[in-house]
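Be aware that the sequence shown starts at 1, since it is given in the numbering used here, and climbs by one per residue.
Cβ atoms here follow ideal geometry from the backbone N, Cα and C, with glycine treated the same way.
Please read all numbers here as calculations on a predicted model, not as lab measurements.
What follows is a set of notes on a single structure, which appears directly below.
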Amino acid sequence: MFKPIQIDRKNLTIMGVPFPDLEMLERAANAIGSNMYEGFHPTESKILLIREYLMNKITFSQFIEAAKDVAHV
């Protein structure tokens, strides 16, 4: 069982983390929702990491390494 996360499509935020456009917000929200069924528990730092990857600010390798670091947050 998972608890709902706050998605604000009007202000383009997920759990308070801003996204540049609705398409990217939807992509992130869909990925997060799918992974929550597998036991993923989103936090603000994890949402930030997902956003950075989707915006091509970090590589997949950097994403994986950073995900390991925030896994215990």
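query: If you count every other CB in all the chains shown that lies within 10 Å of the CB of ALA67, and 16 or more means buried, which is it?
result: exposed
query: So, helix, strand or coil for ASP69, using DSSP?
result: helix
task: Assign TYR37 to buried or exposed, taking buried as 16 or more other Cβ atoms, counted over all protein chains shown, within 10 Å of its Cβ.
output: exposed
- prompt: Whole-angstrom Cβ separation of MET44 and VAL17, contact assumed at under 8 Å?
  reply: Note that residue 44 corresponds to Glu in the displayed sequence, not to Met. Indeed, because the Cβ distance is near 6 Å, the residues count as touching under 8 Å.
task: May I ask which residues mark the beginning and end of the alpha helix (DSSP H) holding TYR53?
output: 44-54
field: Whole-number beta carbon distance between ILE14 and ILE47, since they are thought to touch under 8 Å
entry: 5 Å
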